[in-house]
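Colleague:
Chains as they are written, first to last, in full-length UniProt numbering: chain A, 1 to 293; chain B, 1 to 293; chain C, 1 to 293; chain D, 1 to 293.
(1) Taking 8 Å as the cut-off, decide whether the C-beta atoms of residue 139 of chain A and residue 158 of chain A are in contact.
(2) So, for residue 26 of chain C: in the same chain, excluding its five sequence neighbours on each side, which residues have a beta-carbon less than 7 Å away from its beta-carbon?
(3) Could one say the Cβ of residue 156 of chain D lies closer than 8 Å to chain A's Cβ atoms, at least one of them?
(4) Once DSSP output is grouped into helix, strand and coil, what is the label at residue 196 of chain D?
(5) Do you know whose CA, among C:23, C:260, C:229, lies nearest residue 258 of chain B's CA?
(6) Determine whether the Cβ of residue 51 of chain A lies closer than 8 Å to any Cβ atom of chain D.
(7) May I ask you to report which of helix, strand or coil DSSP gives residue 205 of chain D?
(8) Taking DSSP as the reference, what is the three-state secondary structure of residue 136 of chain A?
(9) I need the DSSP call for residue 251 of chain B, collapsed to helix, strand or coil.
(10) Is the segment 240-254 of chain C in contact with the segment 150-165 of chain D, if contact means three or more CB pairs nearer than 8 Å?
(11) Between residue 290 of chain A and residue 237 of chain A, how many whole angstroms is the CB-CB distance? I'm expecting something under 8 Å.
(12) Within this structure, are the beta carbons of residue 217 of chain A and residue 193 of chain A separated by less than 8 Å?
(13) Note down the Cα distance separating residue 35 of chain A from residue 124 of chain A, rounded to an integer number of angstroms.
(14) Any beta-carbon of chain A closer than 8 Å to the one on residue 211 of chain B?
(15) Using Cβ-Cβ distances below 8 Å, what residues of the segment 55-72 of chain A are close to chain D?
(16) Taking the beta strand (DSSP E) that residue 234 of chain B belongs to, which residues open and close that run?
(17) The beta strand (DSSP E) spanning residue 163 of chain A covers which residue range?
(18) Go ahead and pull the three-state DSSP assignment for residue 118 of chain C.
(19) Could you tell me which chain B residues have their CB closer than 7 Å to the CB of residue 268 of chain D, listed as they occur along the chain?
(20) Going by the DSSP bridge assignment, what does residue 226 of chain B pair with across the sheet?
(21) If you reduce the DSSP assignment to three classes, tell me which class residue 42 of chain A lands in.
(22) Can you look up residue 277 of chain D in the DSSP assignment and give me helix, strand or coil?
(23) Whole-angstrom Cβ separation of residue 70 of chain D and residue 87 of chain A, contact assumed at under 8 Å?
(24) Please compile the residues from chain D whose C-beta is within a distance smaller than 8 Å of the C-beta of residue 180 of chain A.
(25) If contact is defined by three or more beta carbon pairs under 8 Å, each pair taking one atom from either stretch, is the segment 108-117 of chain A in contact with the segment 183-193 of chain A?
(26) How would you list, in chain order, the residues of chain A whose beta-carbon sits under 8 Å from the beta-carbon of residue 281 of chain C?
(27) Give the straight-line distance between the Cα atoms of residue 131 of chain B and residue 256 of chain B, rounded to the nearest whole angstrom.
(28) According to DSSP, simplified to helix, strand and coil, what is residue 71 of chain A?
(29) Please list, in chain order, the residues of the segment 10-24 of chain A that have any C-beta partner in chain D closer than 9 Å.
(30) Who are the neighbours of residue 125 of chain D on chain C, taking C-beta pairs under 7 Å?
(31) Using a Cβ-Cβ cut-off of 6 Å (strictly less than) and excluding sequence neighbours within five positions of residue 93 of chain A, which residues of its own chain qualify?
(32) Quick one, are the C-beta atoms of residue 179 of chain C and residue 72 of chain B less than 8 Å apart?
(33) Given a cut-off of 8 Å on the beta-carbon distance, is the pair residue 171 of chain B and residue 19 of chain C in contact?
(34) Taking residue 168 of chain A and residue 189 of chain A to be in contact with their CB atoms under 8 Å, please state how far apart those CB atoms are, rounded to whole angstroms.
(35) Would you verify that the beta carbon of residue 162 of chain D is, or is not, closer than 8 Å to some beta carbon of chain A?
(36) Using only the alpha-carbon positions, how far apart do residue 57 of chain C and residue 161 of chain A sit?
Structure (structure tokens):
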């Protein structure tokens, strides 16, 4: 039933390519945990696996012989999670990659992407509950990539929305034709943190490092007057590299969620710097790596 | 340049109609608060105002004489917030409605809709910070409606995502032609709570009631074996009406976020009820009012 | 394993309630259609079914005996679609409701909600293709509700984003303390149409009516100078009621997607009314019914 | 008021970094166009600009002297659009980058990202309207990057949702432990196309190339039996490189939007391959470059 394709006048070839399964929603319960054998722990994570290799036959001539179906990839993720997901998603990623490189005859490398939802233990009446949880906003992201023997790991924080109502300003910047913004030494600073870091070590307690980064990030956000998002970015990186020797460098992406003092004076009402418009768009976007020197 | 409209063969008229401004993003800082005069509090709220009245002239003949521009509505919300937003959004809603009914010559009634984002005080080093905050997931919603003299108020909770890993089942339901679901007495129960309640009193401390509802909702979620979402809905309503005499009735909308035990056995791996697929769709949707008898 | 609930001091009862399945993604192919028996037609629709009845036993005492599982509801929607979805979603809705009222011993009424995605036939080389399609933006919505014998039907259009660059203004409105907006007789008018209509007849060719409403809506949008969104709303309703005798009344919800002339003059550049900021928020929201008089 | 930062025990430095303005919603009207001087054309585009350079002073010591405010970036985009946005967004991108490299004393390079919304001319009564438009789903994306003298340009198509109901299969793939999927030679093939291409030429008529890619993509989608998404990807790339000599290579990202034949047989109803579940997740994701050999 295949219709003939007109012979093309040009020579083409496949370049880099991958395939796999995305948006696999894996949920695991760890039952009967210490201290008193009734506590449950959970992992709630979206997984994407992408395999890389010599898939020319499939692309060029439609020969699927060496292709693992993406449905098989999904079954594998759930199947290996039964015994293999015991700690961090980063460690689980290494296990997945090892499997896919061994299992797929033409798979040379693979990557696993994770978005792990954070859940807080429910506290009803002040006491933490054994098996009830409330979803939190921030996410733990991770990317593990490798050939089955050596791996590169990146971890991150996403959707952490933080704000401070003072101790932030924006002054002394360049003035030219298109500059209309007034200077201020007391503004609201708000951002939705996206951070990604790389490791100086081959392996470590990834979940413990994540917690340390998360706590230091909040601490640094509050411990100084911020003359610019750029300076706060640098301070955060410096502090995190100090408390986390496992990390070689860290990248931040900071959308500057502007809160603009609303001009109520033109309608006869004095606004004593209390009423703001939380602007949805457009936003300043500040990005950068902080690295060991 | 207006082109003539063909005279219609039918008689038509305007029915119920409203207009106003939506998605006004109001942010207010309360500076120098007790206990030690350095603490900031914040209100972060999306506002919609809809005005109702005799706007036939505008609709039928394009006469705008008695219409307040929606841009004016926005200016008013920010302007009145300077002195008028001092406590709950519910109280601010009454103030807004009074204003619009007085100000718009043809405005007979108005409604104010609120989505208030919750922020937790940042705790760096175990101590709560004066002016730094982290965005939380749940929202405080409210609708205030009235003619400027009497008001109806509804309050709600939205986007509260809760889950428990055991103490929930689903058994004994009706079996017929299209029934294929197996029974279980140990499943994961998860939902994104949407609740709305009405008041038995004309006025009260709306923020205090909200907190009480929120806490009781979590408590009831954890305090029983759930034979169905329906029964848990009823128990929640009963408990909340018990601790909140201010509330006359409460409505819940519970999407049943199914977590389905993944069948790894067909690939030769035993799943000891630990690995689940967090299904994104479709979902059971259970809704209902619980009222004073 | 059920823990006892403390006897409440208040009397409560279940109020109105429903349950069912939401976000069922039903796709049907009609193969081998005329004119030449090779043409495929498709229906792509998200379905929600909500059942209403006497479910007190389930809510109050956790007795599921008379509850149809929501999973059964899903199976039913797909199963009945095989022979029962032959034309409009409105007609399919009546069939679903009849079934659920008969099948559920305690079901008294039911409602079916539809969001039908529109697909255009792909035209490669100017000729319409037999079985290839491109997704369009607007949606055909519908709600059918009833007791299995009589039904009320509502149909609608959603996510139809339209814009005109001239022939629209906003003048002569009320000026007061909070009014800062300048008047204009040449602005951009843009909105994302949401329309819902009710029928004056028990049954009709719902898909044909939808097409007629859609076409008339576009025609009226372009055939006059618009002095306000309100007046354009009325004109649309009047024109549609004229060409669609099947419709008794129609409701429009028009978010006014403001395009604001950007003030480049303060940076020394004259803007000859060509460069605009497409404002994302907040927006005017104009809503109303147009009815037969 | 700045609190001292503890001297860190580690040496750090800034790595690669950028900043700028994102989500600038630029809308331009071209009035009085040929053929008969009453026709309007529009450009509706979201812009992001990111500047790269030596911003160490700002990051490390909070010295903003050489920083252009992101608000200035926004003003510039609107200001330059008045005379400078006359054709493709790709050409406008080069103009923006030239400006920012000249204007910012420390700016060495810049990038401009575009998402251009497509609007179809409204056709009421079969005739194309002069100034009324309907928003389409697909988007024209572009990234221009450079030092102000030489540029690299990438263009793309996004959110183009296409589907065919037959002439697609998936057979002959690798079978192993985790494989449960049955083979088929008649399935529904659906994807949301994301394509990005690079140019073999320094400059060209970017909008004309975009149209040619778009048309060829649809043509190839329909002109063959698809044994796999991979093979269709390759065929699309080959055909586009054939008709577009301006393009050096093209990348596709194809989420495989699975439409799964619903198993109604277990409820006693035969499904003659007409009723499908449009699965929302998880999805196969196939990605790859097709390049000139």
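Cβ coordinates follow ideal geometry from the N, Cα and C atoms, glycine included.
Modeller: Taking the definition as stated:
(1) The residue labelled residue 139 of chain A in the question sits at position 139 within the first chain. The residue labelled residue 158 of chain A in the question sits at position 158 within the first chain. The answer is yes: Cβ separation under 8 Å.
(2) The sequence position of residue 26 of chain C within the third chain is 26, counting from 1. Take residue 26 of chain C, set aside five residues on each side of it, and the residues of its chain with a beta-carbon closer than 7 Å to its own are 45, 47, 77, 78, 81, in chain order.
(3) Numbered from 1 along the fourth chain, position 156 holds the residue referred to as residue 156 of chain D. Not a single CB atom of chain A sits nearer than 8 Å to the CB of residue 156 of chain D.
(4) Translated into the one-based positions of the fourth chain, residue 196 of chain D becomes position 196. Three-state result, residue 196 of chain D: strand.
(5) Counting from 1 along the second chain, the entry for residue 258 of chain B is found at position 258. Checking every option, the nearest Cα to that of residue 258 of chain B belongs to C:23.
(6) The count along the first chain starts at 1 and reaches residue 51 of chain A at position 51. Proximity of residue 51 of chain A to chain D, defined by a Cβ-Cβ separation below 8 Å, is not satisfied.
(7) On the fourth chain, position 205 is the one that residue 205 of chain D refers to. Residue 205 of chain D falls in the coil class under three-state DSSP.
(8) The count along the first chain starts at 1 and reaches residue 136 of chain A at position 136. Residue 136 of chain A: strand per DSSP, three-state reduction.
(9) Taking the second chain and counting its residues from 1, one reaches residue 251 of chain B at position 251. It is a strand residue.
(10) No: fewer than three Cβ pairs fall under 8 Å.
(11) For this step, residue 290 of chain A is matched to residue 290 along the first chain. For this step, residue 237 of chain A is matched to residue 237 along the first chain. Rounded, the Cβ-Cβ distance is 2 Å, consistent with contact.
(12) Taking the first chain and counting its residues from 1, the one referred to as residue 217 of chain A is at position 217. Taking the first chain and counting its residues from 1, the one referred to as residue 193 of chain A is at position 193. For the pair residue 217 of chain A and residue 193 of chain A, the CB atoms are nearer than the 8 Å cut-off.
(13) For the purposes of this step, residue 35 of chain A is identified with residue 35 of the first chain, where counting begins at 1. For the purposes of this step, residue 124 of chain A is identified with residue 124 of the first chain, where counting begins at 1. Each residue's alpha carbon lies about 19 Å from the other.
(14) Counting from one through the second chain, the residue named residue 211 of chain B turns up at place 211. Nearest CB-CB separation between residue 211 of chain B and chain A: not below the 8 Å threshold.
(15) Those residues of the segment 55-72 of chain A that come within reach of chain D (Cβ to Cβ, closer than 8 Å) are 55, 58, 59, 60, 61, 62, 63, 64, 65, 66, 67, 68, 69, 70, 71, 72.
(16) Within the second chain, the letter at position 234 stands for residue 234 of chain B. Counting along the chain, residue 234 of chain B falls outside any beta strand (DSSP E), though it belongs to the alpha helix (DSSP H) covering 229-243.
(17) Taking the first chain and counting its residues from 1, the one referred to as residue 163 of chain A is at position 163. DSSP places residue 163 of chain A inside the beta strand (DSSP E), whose first and last residues are 151-164.
(18) The sequence position of residue 118 of chain C within the third chain is 118, counting from 1. If DSSP states are grouped into helix, strand and coil, residue 118 of chain C belongs with the strands.
(19) Within the fourth chain, the letter at position 268 stands for residue 268 of chain D. For residue 268 of chain D, the residues of chain B that pass the 7 Å Cβ criterion are 177, in the order they occur in the chain.
(20) The count along the second chain starts at 1 and reaches residue 226 of chain B at position 226. Under DSSP, the beta-bridge partners assigned to residue 226 of chain B are B:168.
(21) Residue 42 of chain A sits at position 42 when you count from the first residue of the first chain. DSSP places residue 42 of chain A in strand when its eight states are reduced to three.
(22) As a position in the fourth chain, residue 277 of chain D is number 277, starting the count at 1. Reduced to three states, the DSSP call for residue 277 of chain D is strand.
(23) Walking along the fourth chain from the start, residue 70 of chain D turns up at place 70. Walking along the first chain from the start, residue 87 of chain A turns up at place 87. Going by Cβ atoms, the distance from residue 70 of chain D to residue 87 of chain A rounds to 41 Å, so no, they are not a contact pair.
(24) Position 180 of the first chain, counted from the start, is the residue given in the question as residue 180 of chain A. Ordered by position in chain D, the residues that pass the 8 Å Cβ test against residue 180 of chain A are 71, 72, 75.
(25) Two segments are said to touch when three or more pairs of C-beta atoms, one from each, lie closer than 8 Å; by this definition the segment 183-193 of chain A does not touch the segment 108-117 of chain A.
(26) On the third chain, position 281 is the one that residue 281 of chain C refers to. Within 8 Å Cβ-Cβ: 280, 281.
(27) Taking the second chain and counting its residues from 1, one reaches residue 131 of chain B at position 131. Taking the second chain and counting its residues from 1, one reaches residue 256 of chain B at position 256. Cα to Cα, residue 131 of chain B sits roughly 37 Å from residue 256 of chain B.
(28) Sequence index remark: in the first chain, residue 71 of chain A carries index 71 (1-based). Residue state, collapsed to three classes: helix.
(29) Those would be 10, 11, 12, 13, 14, 15, 16, 17, 18, 19, 20, 21, 22, 23, 24, in chain order.
(30) Position 125 of the fourth chain holds residue 125 of chain D. Result: 219.
(31) Residue numbering aside, residue 93 of chain A sits at position 93 when the first chain is read from its first letter. The residues are 112, 144.
(32) In the third chain, residue 179 of chain C corresponds to position 179, counting from 1. In the second chain, residue 72 of chain B corresponds to position 72, counting from 1. In this structure, residue 72 of chain B lies closer than 8 Å to residue 179 of chain C by Cβ.
(33) Counted from its first residue, the second chain places residue 171 of chain B at position 171. Counted from its first residue, the third chain places residue 19 of chain C at position 19. No; because the gap between Cβ atoms is not below 8 Å, this pair is not in contact.
(34) Along the first chain, one-based indexing puts residue 168 of chain A at 168. Along the first chain, one-based indexing puts residue 189 of chain A at 189. The distance from the Cβ of residue 168 of chain A to that of residue 189 of chain A is about 4 Å, consistent with a contact at the 8 Å cut-off.
(35) Sequence index remark: in the fourth chain, residue 162 of chain D carries index 162 (1-based). Contact with chain A is absent for residue 162 of chain D, since none of that chain's Cβ atoms lies less than 8 Å from the residue's Cβ.
(36) Translated into positions along the third chain, residue 57 of chain C becomes position 57. Translated into positions along the first chain, residue 161 of chain A becomes position 161. Their Cα atoms are separated by approximately 44 Å.
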